[in-house]
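Beneath this line is the structure, given in structure tokens, with notes to follow.
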């Protein structure tokens with residue numbers, strides 16, 4: 001199955017926010033309560049992320065969840 005361009009773009013925004021915060025995937029996983037493998041899948045555009053996961057990521061990274069959806 002081909003990856004969705006929208007999911008790839010969202011994953012890139014999550015990765016950029018994580019790197020900007022100076023966090024590893026493991027550290028983001030601990031802060032957000034999400035599994036490290038799940039975060040990796042998001043960043044690679046392999047996961048269709050739910051709203052609650054975006055909220056948890058936003059809180060962990062001190063950004064609005066909308067940050068991950070912006071064009």
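In this note's numbering, the protein residues as written are 1 to 71. Glycine included, every Cβ here is placed at the ideal spot set by N, Cα and C.
The ligand FMN heavy atom lying under 7 Å from the CB of residue i
i	result
residue 7	Among the components of this structure there are no ligands whatsoever, and the ligand FMN is therefore not found.
Reduced DSSP category for residue i - H, G, I as helix; E, B as strand; rest coil
i	result
residue 6	helix
residue 48	coil
residue 20	helix
residue 62	coil
residue 11	helix
Own chain residues within Cβ distance below 7 Å of residue i, not counting five before or after
i	result
residue 44	11
residue 9	none
residue 74	With the chain covering only 1 through 71, there is no way to say anything about residue 74.
residue 26	36
Contacts around residue i, its chain only, beta-carbon distance under 8 Å, and the 5 residues preceding and following it disregarded
i	result
residue 19	none
Outcome for residue i when other beta-carbon atoms lying within 10 angstroms are tallied against a minimum of 16
i	result
residue 53	buried
residue 17	buried
residue 49	buried
Beta-carbon separation (whole angstroms), residue i vs residue j, contact threshold 8 Å
i	j	result
residue 32	residue 66	16 Å between Cβ atoms; not a contact.
Own chain partners of residue i with C-beta closer than 6 Å, once the 5 adjacent residues on each side are dropped
i	result
residue 47	41
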